[in-house]
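Here is the structure we will look at.
There are 2 protein chains.
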Amino acid sequence: MSGSKCTRLSGALVKQLLDSVDSVLFDCDGVIWRGDQAIPGAPQVINLLKKSGKKVFFVTNNSTKTRKMYAEKMTTLGFNVTEEEVFGTAYCSAMYLKTVCKVDGKVYLIGSNAMRQELEAVGIQQTGVGPDLISGKQADWANVPLDPEVKAVVVGFDEHFSYMKLNRALQYLTQQGCLFVGTNRDTRLPLEGGKAVPGTGCLLQCVETAAQCQAQTVGKPNHYMFDCVASQFGVERERCLMVGDRLDTDIMLGSNCGLKTLLTLTGVNSVADAEAHQKSGCAEKQGMVPDYYVESIADLLPALQG
Amino acid sequence: MSGSKCTRLSGALVKQLLDSVDSVLFDCDGVIWRGDQAIPGAPQVINLLKKSGKKVFFVTNNSTKTRKMYAEKMTTLGFNVTEEEVFGTAYCSAMYLKTVCKVDGKVYLIGSNAMRQELEAVGIQQTGVGPDLISGKQADWANVPLDPEVKAVVVGFDEHFSYMKLNRALQYLTQQGCLFVGTNRDTRLPLEGGKAVPGTGCLLQCVETAAQCQAQTVGKPNHYMFDCVASQFGVERERCLMVGDRLDTDIMLGSNCGLKTLLTLTGVNSVADAEAHQKSGCAEKQGMVPDYYVESIADLLPALQG
Chain A
0 MSGSKCTRLS
10 GALVKQLLDS
20 VDSVLFDCDG
30 VIWRGDQAIP
40 GAPQVINLLK
50 KSGKKVFFVT
60 NNSTKTRKMY
70 AEKMTTLGFN
80 VTEEEVFGTA
90 YCSAMYLKTV
100 CKVDGKVYLI
110 GSNAMRQELE
120 AVGIQQTGVG
130 PDLISGKQAD
140 WANVPLDPEV
150 KAVVVGFDEH
160 FSYMKLNRAL
170 QYLTQQGCLF
180 VGTNRDTRLP
190 LEGGKAVPGT
200 GCLLQCVETA
210 AQCQAQTVGK
220 PNHYMFDCVA
230 SQFGVERERC
240 LMVGDRLDTD
250 IMLGSNCGLK
260 TLLTLTGVNS
270 VADAEAHQKS
280 GCAEKQGMVP
290 DYYVESIADL
300 LPALQG
Chain B
0 MSGSKCTRLS
10 GALVKQLLDS
20 VDSVLFDCDG
30 VIWRGDQAIP
40 GAPQVINLLK
50 KSGKKVFFVT
60 NNSTKTRKMY
70 AEKMTTLGFN
80 VTEEEVFGTA
90 YCSAMYLKTV
100 CKVDGKVYLI
110 GSNAMRQELE
120 AVGIQQTGVG
130 PDLISGKQAD
140 WANVPLDPEV
150 KAVVVGFDEH
160 FSYMKLNRAL
170 QYLTQQGCLF
180 VGTNRDTRLP
190 LEGGKAVPGT
200 GCLLQCVETA
210 AQCQAQTVGK
220 PNHYMFDCVA
230 SQFGVERERC
240 LMVGDRLDTD
250 IMLGSNCGLK
260 TLLTLTGVNS
270 VADAEAHQKS
280 GCAEKQGMVP
290 DYYVESIADL
300 LPALQG
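The listed protein sequences derive, respectively, from chains A and B.
Residues in the first sequence are numbered consecutively from 0, following numbering that gives the first Met the number 0.
Residues in the second sequence are numbered consecutively from 0, following numbering that gives the first Met the number 0.
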């Protein structure tokens, strides 16, 4: 196979690439679906890959769903998937806190109910989920009652994010030894029609600015998402393909972990974006250049049906 | 007078410095008061300075009070002050939007009622003040109704800051030509006993991360705060002293504007902090080294009473 980067994947090259891997990791939004619509052909691609004996996994930075919720959504859209194959940051953050940080206590959670459920599933209690509105004055805010069992602040997507949550996070983080973990740094969630809403990266940056320190992050491009899959399923890096629509998270994760990488053009980034990184002469940006690209993962279908 | 920096101001040097200036600018919190308590001796210092013919002004990054509210607080604490002598960022941001930006429309305000009042006083209407809680789902958030008259997003201190406000700011800032102004970048509001609550800088950073662009800021160390005083009262830079407790805002403002600078140790920074900047060899940090320091502005009293 050619050593040059960002090659269009078509014809005989598709089968050649698929034959060279045992496992395929897919990002979700912009790759296998957009919002509540499957990318046309994506369910067939996933189902045929599994039928042909490939291990297939889903790695998403979105922290608003449990593994179970993802598996249900996928089943509804026609994907033949089990929850064990899904690695979202709600689940992976819970695993990270338990197995890497070995948190010995509660977490103060800025995040969703899904995050609460995944934390509880690994035996970690939380406080903080749901609305937390302002009351009192500055002196009261600085002396807000804190749960003495809290040993970590965790920030994921939280539609109830508020000044009081920011303040509570700061008060916990001012305590000696309090851990600080974020699910991911995506600054926007892209929606149909070029629109977007603020992502977890904005909330994390807000808390980091107050705390004057950086959180450890779990999501792509941090290698932990891959480690989590690999430790449970024995994935061999050299025989693994990462498929995604974002250069700074999906393709970077693949580069960071020594995987083959495939950009699909149904989401955020274009071939021109990848070429700009290639030409930049900057080693970090060149880590965001994929090995291959396709218009859509449906382009893999002919090789799987043949 | 000596050319060396960070000299302790005492004895004959006090009168010498005061004789060399016509105007004195004071920061408020940590300088003339702490919370709701006047710094002992501060009211006498201010009142005697004015009696001796000096012009005295108050420049604060705090955006939660109108000029009138500040003047009332000062009167209660024994300071002989009029609202025309007070330059807070609620007032200065309104002036900045009107005279520098020449905003021709409404502003979307993440901020306090005091900011709303100062905006209205210069004829600028706002939308946004008060709570804005989440409802609906992602697609609804991206399509939240926008006021077509809004031409600028303004971020100050807002205890009702929420995800929905962040989202609304992003939707406005995505529109062609929308201005983006912040009152100040202070990341924390220091309180008694070493405690602190999150400052406007956290909220501004959060909105900037979502918008992927930087706001123009009005507050110290930006020279606009001084320009605003100077344009109304004809202050001569060479004969003006800036007194503050923070190196990165107060002393930096003085350096940026060519004023004499005096650090007081009743607030955030210490002489050791200033010396560390002096030794850094970094020009920007050396701009944060004051000409003089005092334990408290009460140290000016003997020269004024003599």
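Beta carbons: idealized from backbone N, C-alpha and C, even for Gly.
Element boundaries [beta strand (DSSP E), containing residue i]
i: residue 109 of chain A; result: 105 to 109
i: residue 12 of chain B; result: Here residue 12 of chain B belongs to no beta strand (DSSP E); instead the alpha helix (DSSP H) covers 11 to 18.
i: residue 181 of chain B; result: 178 to 181
i: residue 24 of chain A; result: 22 to 25
i: residue 101 of chain B; result: Premise fails: residue 101 of chain B is in no beta strand (DSSP E) and is neither H nor E.
i: residue 260 of chain A; result: 259 to 263
i: residue 293 of chain A; result: 291 to 293
Proximity test, Cβ basis, 9 angstroms: residue i and chain B
i: residue 247 of chain A; result: no
i: residue 148 of chain A; result: no
i: residue 34 of chain A; result: yes
i: residue 191 of chain A; result: yes
i: residue 183 of chain A; result: no
i: residue 198 of chain A; result: yes
Residue i, enclosing alpha helix (DSSP H) - first and last residue
i: residue 256 of chain B; result: 251 to 256
i: residue 75 of chain B; result: 66 to 75
i: residue 151 of chain A; result: Run containing residue 151 of chain A: none in the alpha helix (DSSP H); it sits in the beta strand (DSSP E), 149 to 154.
i: residue 241 of chain B; result: From DSSP, residue 241 of chain B is part of no alpha helix (DSSP H) but of the beta strand (DSSP E) over 239 to 243.
i: residue 232 of chain B; result: 223 to 232
i: residue 300 of chain B; result: 300 to 304
i: residue 42 of chain A; result: 41 to 50
i: residue 270 of chain B; result: 270 to 278
i: residue 90 of chain A; result: 88 to 94
i: residue 118 of chain A; result: 112 to 120
i: residue 53 of chain A; result: Where residue 53 of chain A is concerned, there is no enclosing alpha helix (DSSP H), given that its DSSP letter is neither H nor E.
i: residue 284 of chain B; result: 282 to 285
i: residue 137 of chain A; result: 137 to 141
C-beta neighbour in chain A for residue i, strict 9 angstroms
i: residue 195 of chain B; result: yes
i: residue 160 of chain B; result: yes
i: residue 229 of chain B; result: no
i: residue 287 of chain B; result: no
i: residue 306 of chain B; result: Given that chain B is displayed from residue 0 to residue 305, the structure contains no residue 306 of chain B and the question cannot be resolved.
i: residue 308 of chain B; result: Any property of residue 308 of chain B remains undetermined from this structure, which presents chain B solely from 0 to 305.
i: residue 44 of chain B; result: no
i: residue 186 of chain B; result: yes
i: residue 208 of chain B; result: yes
i: residue 177 of chain B; result: no
i: residue 305 of chain B; result: no
i: residue 202 of chain B; result: yes
i: residue 205 of chain B; result: yes
i: residue 211 of chain B; result: yes
Own chain partners of residue i with C-beta closer than 7 angstroms, once the 5 adjacent residues on each side are dropped
i: residue 86 of chain B; result: 56, 57, 58, 224, 227 and 228
i: residue 23 of chain A; result: 48, 53, 55, 240 and 242
i: residue 268 of chain A; result: 244, 245, 246 and 262
i: residue 73 of chain A; result: 80
i: residue 235 of chain B; result: 21
i: residue 166 of chain A; result: 140 and 143
i: residue 94 of chain B; result: 121 and 227
i: residue 256 of chain B; result: 222, 225 and 236
i: residue 43 of chain B; result: 300
i: residue 67 of chain A; result: 82
i: residue 70 of chain B; result: 80, 81, 82 and 85
6 angstroms Cβ shell around residue i - same chain, five flanking residues per side excluded
i: residue 92 of chain A; result: 182 and 217
i: residue 157 of chain B; result: 109 and 110
i: residue 148 of chain A; result: 104 and 105
i: residue 6 of chain B; result: 291
Sequence-distant residues of its chain with Cβ nearer than 8 angstroms to residue i (five each side left out)
i: residue 37 of chain A; result: 31, 76, 77 and 78
i: residue 177 of chain A; result: 149, 150, 151, 152 and 171
Minimum Cβ-Cβ distance from residue i to chain D less than 9 angstroms
i: residue 277 of chain A; result: In the structure shown, chain D does not exist; the protein chains are A and B.
Between the stretch 162 to 175 of chain A and chain B, which residues of the former have CB atoms less than 7 angstroms from a CB of the latter, in chain order?
Considering only beta carbons, the part of the stretch 162 to 175 of chain A lying closer than 7 angstroms to chain B consists of 162, 165, 166 and 169, in chain order.
To test your reading of the DSSP string, which unbroken alpha helix (DSSP H) runs of 4 or more residues are found completely within the stretch 154 to 219 of chain B?
Segments of the alpha helix (DSSP H) lying fully in the stretch 154 to 219 of chain B: 162 to 172 and 199 to 210.
For the stretch 113 to 125 of chain B, enumerate the residues whose C-beta is nearer than 7 angstroms to any C-beta of chain A, in chain order.
The residues in question: there are none.
Just by C-beta distance, which residues in the stretch 127 to 156 of chain B are closer than 8 angstroms to chain A?
Going along the stretch 127 to 156 of chain B in chain order, one finds 130, 132, 133, 137, 138, 140, 141 and 142 with a Cβ nearer than 8 angstroms to chain A.
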